[in-house]
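Trainee:
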C-alpha cells in the first residue's frame, strides 16, 4: 500500500538515582493518503519516560523533608520507607488528526491529542525565595485540540496562516514525591483533581505577510489572542494589600473557578528585506512588537516567585548574514 506510511520504534530508559526505574517505550505512527480527496489521515501512540528535575532533588526526596510535610503526606512517606522519592514521569500519549488540501493554495490541519501521566512532575518554591524543588502528583490528564489553516503565496505574494488551540491540564492527588511545606496547599486540593497553569480555553494566532515581487522586501502583521491561563492569586484583598502585587489586580478574574488571568489580544508589525537579489548574503528585519501597548499578565506568582507581565510595546531589529 503505497499510500500508507508506518513508523514503529521502541526505546529503553533506565533511571538509578534513588531506586531503579526502567521502561520499554514503544511508539507507532500511521499516516494514510487518500488521493481522491487530497487528504492525509494520521494517528500515533507514544509511551514516554521522563526523569525528574534534578535541582534540589536530594533535599526534596530526603527523609528530613518527609518528616516536616503535613500529616496526610507523611502517611505516604511511611509507605515509601520514610521518604517521598521524586520519581520519573510515565506518559501514554495519543494523537489523531488529518490534513486536507483545499485547492492549490490552502491547507487545513486538525488534531486531537490526549496524555495520561503517572507520577506527574511539578516544581514548588521554598517560601518567598528563588529556591525551587521538584515534586510529584499521582496522575495527570492533559488533552486538547489544534486547528491550523495555511495560505501559500497568492495574488503576487500574499501568504499567511491562522491557528487556534485548546488545552485542558489537570493534576490529581495524592502527592507522591517531594517536599511539601504547608498543609494549606493540601487542603486546597482535597477535591482530588485541579487545573494547573497550562490550562487555557482558547489560544488563537493569525499572521499575514506580503512579498513585494522579486525586490526582496516584505511586510507582515500578526495577531495573537489568549483567553487566560489558570492562576491562584488568592483573595483580592491580599493582592491589593501588597505593593508588589497590587498592580496585577485588574488583570485577574477573581470570580472564576478556577481563577484565571484576563484575556488579551496583541498585534505586531514587521518589515524585512532579503538582500540576496542584490548580491549581499544578508537579511534585515524590523519589528514593532505589541504595537498598541496592550497590558496583561502571563501568570501570577509562578513557581519561580515572579508575576510575569506581557512585554510592552517594543521595537526590535535583526540582521542575518551568511558567510
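Residue numbers (my numbering): 0 to 322. Glycine residues also receive a C-beta, built at the ideal position from the N, C-alpha and C atoms.
Shortest alpha-carbon distance to residue 41 belongs to which of 24, 180, 2?
Mentor: Among 24, 180, 2, the Cα nearest to that of residue 41 belongs to 2.
Trainee: Can you tell me which of 322, 299, 45 puts its alpha carbon nearest to the alpha carbon of residue 235?
Mentor: Ranking the options by Cα distance to residue 235, first place goes to 299.
Trainee: Measuring only the C-alpha atoms, how far is residue 281 from residue 156?
Mentor: So the two alpha carbons sit approximately 21 Å from each other.
Trainee: Taking the C-alpha atoms as reference points, what is the distance between residue 18 and residue 87?
Mentor: If I take the Cα positions, the gap works out to 11 Å.
Trainee: Using DSSP bridges, identify the partner residues of residue 6.
Mentor: The partner list for residue 6 (beta bridge, DSSP) reads 28.
Trainee: List in chain order: all unbroken alpha helix (DSSP H) runs of 4+ residues lying wholly within the segment 213 to 254.
Mentor: List check, alpha helix (DSSP H) in window: 235 to 240.
Trainee: With DSSP run on the structure shown, which of helix, strand or coil describes residue 130?
Mentor: Residue 130: coil per DSSP, three-state reduction.
Trainee: Using the C-alpha atoms, what's the distance from residue 306 back to residue 297?
Mentor: Between residue 297 and residue 306, the C-alpha separation is close to 8 Å.
Trainee: Below 7 Å between beta carbons: does that hold for residue 131 and residue 90?
Mentor: Not a contact, by the Cβ cut-off of 7 Å.
Trainee: Less than 8 Å between C-beta atoms, sequence neighbours within five positions excluded: which residues of the same chain meet that for residue 101?
Mentor: Once the five neighbours on either side are set aside, the close Cβ partners of residue 101 are 107.
Trainee: Hey, quick one: how far does the alpha helix (DSSP H) through residue 56 stretch, first residue to last?
Mentor: From DSSP, the alpha helix (DSSP H) with residue 56 extends over 56 to 59.
Trainee: Who are the near neighbours of residue 263 in its chain, counting only those whose CB is closer than 7 Å to its CB and skipping five residues on each side?
Mentor: Correct list, in chain order: 225, 293, 295, 309.
Trainee: Using DSSP with H/G/I as helix, E/B as strand and the rest coil, what is residue 277?
Mentor: Helix.
Trainee: Here's the rule I'm using: 16 or more other beta-carbon atoms within 10 Å means buried, otherwise exposed. How should residue 56 be labelled?
Mentor: By the neighbour-count rule (16 or more Cβ atoms within 10 Å), residue 56 is buried.
Trainee: Quick one: residues in its chain with C-beta nearer than 8 Å to the C-beta of residue 215, no 5 flanking neighbours on either side, listed in chain order?
Mentor: Same-chain partners within the cutoff: 272, 273, 274, 275, 276, 277.
Trainee: Short of 7 Å in beta carbon distance, which residues of its chain neighbour residue 10, apart from the five on each side in sequence? Order them along the chain.
Mentor: Here the set comprises 24.
Trainee: Could you check which residue in 124, 47, 118 has the C-alpha nearest to that of residue 137?
Mentor: Checking every option, the nearest Cα to that of residue 137 belongs to 118.
Trainee: Is residue 184 helix, strand or coil by DSSP?
Mentor: Note on residue 184: pLDDT 48, under 50, position unreliable in the model; the coordinate value appears next. Helix.
Trainee: Would you say residue 144 touches the ligand ATP, meaning its beta carbon is less than 6 Å from a heavy atom?
Mentor: In the structure on display, the ligand ATP does not appear, and there are no ligands present to speak of.
Trainee: Pull up the CB-CB distance for residue 324 and residue 120, whole angstroms please, since I reckon it's below 8 Å.
Mentor: Coverage of the chain is limited to positions 0 through 322, which leaves residue 324 absent and any answer about it impossible.
Trainee: According to the neighbour-count rule (16 or more other Cβ atoms, all chains shown, within 10 Å of its Cβ), is residue 313 buried or exposed?
Mentor: Classification for residue 313: exposed.
Trainee: Taking just the CA atoms, how far does residue 191 sit from residue 179?
Mentor: Cα to Cα, residue 179 sits roughly 17 Å from residue 191.
Trainee: Between which two residues does the beta strand (DSSP E) holding residue 204 run?
Mentor: 199 to 210 is the span of the beta strand (DSSP E), which, as asked, contains residue 204.
Trainee: Tell me whether residue 151 sits in a helix, a strand or coil according to DSSP, three-state version.
Mentor: Residue 151 falls in the strand class under three-state DSSP.
Trainee: Give the single residue among 112, 268, 279 whose Cα lies nearest to the Cα of residue 285.
Mentor: Closest option to residue 285, Cα to Cα, is 268.
Trainee: From which residue to which residue does the beta strand (DSSP E) around residue 19 run?
Mentor: Neither: residue 19 is in no beta strand (DSSP E) and is coded neither H nor E.
Trainee: Which value, in whole angstroms, describes the spacing of the CA atoms of residue 163 and residue 223?
Mentor: Whole-angstrom Cα-Cα distance: 10 Å.
Trainee: So, residue 270 versus residue 321, is the Cβ gap smaller than 7 Å?
Mentor: No, the pair does not count as a contact, with Cβ atoms beyond the cut-off.
Trainee: Across which residues does DSSP place residue 168 in a beta bridge pair?
Mentor: DSSP output for residue 168 lists 141 as bridge partner(s).
Trainee: Short of 8 Å in beta carbon distance, which residues of its chain neighbour residue 245, apart from the five on each side in sequence? Order them along the chain.
Mentor: If we look at residue 245 and ignore the five residues flanking it on each side, its Cβ neighbours are 238, 239.
Trainee: Ignore the nearest five residues each way along the sequence and tell me which others in residue 317's own chain have a CB closer than 6 Å to its CB.
Mentor: Excluding sequence neighbours, residue 317 sits near 284.
Trainee: Give the single residue among 261, 28, 54, 233 whose Cα lies nearest to the Cα of residue 199.
Mentor: Residue 261 is the option with its Cα nearest to residue 199.
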